[in-house]
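Residue numbers (the working numbering): 28 to 252.
One structure is given below, encoded as structure tokens.
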Amino acid sequence: MERREFVASLVAGGCAGMCVDLTLFPLDTIKTRLQSQQGFYKAGGFRGIYAGVPSAAVGSFPNAAAFFVTYEYTKALLGTGGVFALPHVAPVTHMLAASLGEVVACLIRVPTEVVKQRAQASLSSSTYNILLATLREEGVRGLYRGYGSTVLREIPFSLVQFPLWEYLKAGSTTASGNIPLVLYDVWRSRGIAGLFAGSIPRMTFISVGGFIFLGAYEKVRRTLL
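Okay, structure coming up:
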């Protein structure tokens, strides 16, 4: 992997992560409060939907950058020779690279998620105070609560998303970035319901977030290269 490609993946990945996290943060807050044990309205309801945004802002760039650098480096390393260099094995290469990327990215993602979610569900404390309280009461291990389950949650999604993303980059109208054509294709094949698929906060975050995340990554990376 050349230095120029490394820097491009680093910057593009970071920018993509920030675009998603900051754009869809209110939706993520609502999802967190809906899942809160104390109930949606006691956790804050629709008030202060940007609570915890400092944690997301600090962690989003290095988190996404770590994923894409690991992904691109692993993909390039496996593709240099041997069985993984064969065209029909490419999806397996992408799956392995994406899985390793998630393992590395979660080293950054999980601590920021822990602090962010606790801030979203507690309007009485600031992000900084929640970070200090977590370290004081639980230590560094407290910041990595749920690391294993987060990795297990993210990897299956990446196993599907990234081979599909790589495949769709082969010159189709979907891959070319022609948004009206993509919307028309979805409407023609799935109707109005297809355009609004994922109305539940988590599903909406994944679908819209993936669109912004991968679109921003490709745009910034191509600009830098």
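Beta carbons: idealized from backbone N, C-alpha and C, even for Gly.
Determine, using beta carbons only, whether residue i and residue j come nearer to each other than 8 Å.
| i | j | result |
| --- | --- | --- |
| A83 | Y244 | no |
| F184 | V47 | no |
| V178 | V130 | yes |
| T300 | V142 | Not covered by the structure: residue 300. The range shown for the chain is 28 to 252. |
| F111 | G41 | no |
| L251 | V34 | yes |
Based on Cα-Cα distance, which residue from the options lies nearest to residue i?
| i | options | result |
| --- | --- | --- |
| G72 | G79, R60 and A78 | R60 |
| L134 | V34, A91, L105 and A112 | A91 |
| L158 | Q65, E140, T120 and R74 | E140 |
| R145 | D212, Y77 and M45 | Y77 |
| R74 | E181, H121, Q147 and G41 | Q147 |
| A124 | V96, L150 and Q62 | V96 |
| L195 | K58, E181, E32 and G242 | G242 |
| T50 | F238, T250, R249 and L252 | F238 |
| Q188 | T107, L252 and Y98 | Y98 |
| I3 | F94, E32, G66 and Q62 | With the chain represented from 28 up to 252, any question about residue 3 goes unanswered, as that position is not in the structure. |
| A254 | R30, L150 and K58 | The first residue shown for the chain is 28 and the last is 252, placing residue 254 beyond what the model contains. |
| P114 | Y211, R215, Q65 and E193 | E193 |
Going by beta carbon distance, what residues of the same chain come within less than 8 Å of residue i, once the five residues before and after it are set aside?
| i | result |
| --- | --- |
| P138 | G86, L170 and Y171 |
| S199 | Because the pLDDT of S199 is 49, which lies under 50, any placement of that residue in the model is unreliable, and the number read from its coordinates should be weighed accordingly. Contacts found: none. |
| S63 | K69, A70 and A148 |
Here's the rule I'm using: 16 or more other beta-carbon atoms within 10 Å means buried, otherwise exposed. How should residue i be labelled?
| i | result |
| --- | --- |
| K69 | exposed |
| L37 | buried |
| R136 | buried |
| T107 | exposed |
| A132 | buried |
| A197 | exposed |
| S149 | buried |
| A39 | buried |
Cβ-heavy atom distance between residue i and the ligand ADP below 7 Å?
| i | result |
| --- | --- |
| L37 | Among the components of this structure there are no ligands whatsoever, and the ligand ADP is therefore not found. |
Among residues of its own chain, excluding the 5 on either side of residue i, which ones have a beta-carbon nearer than 6 Å to its beta-carbon?
| i | result |
| --- | --- |
| T101 | A124 and L127 |
| P53 | I76 |
| L186 | M122 |
If I measure Cβ to Cβ from residue i and keep anything under 7 Å in the same chain, skipping five residues before and after, which residues do I get?
| i | result |
| --- | --- |
| P190 | P118, H121 and M122 |
| V258 | Here the chain has residues from 28 to 252 only, and residue 258 is not among them. |
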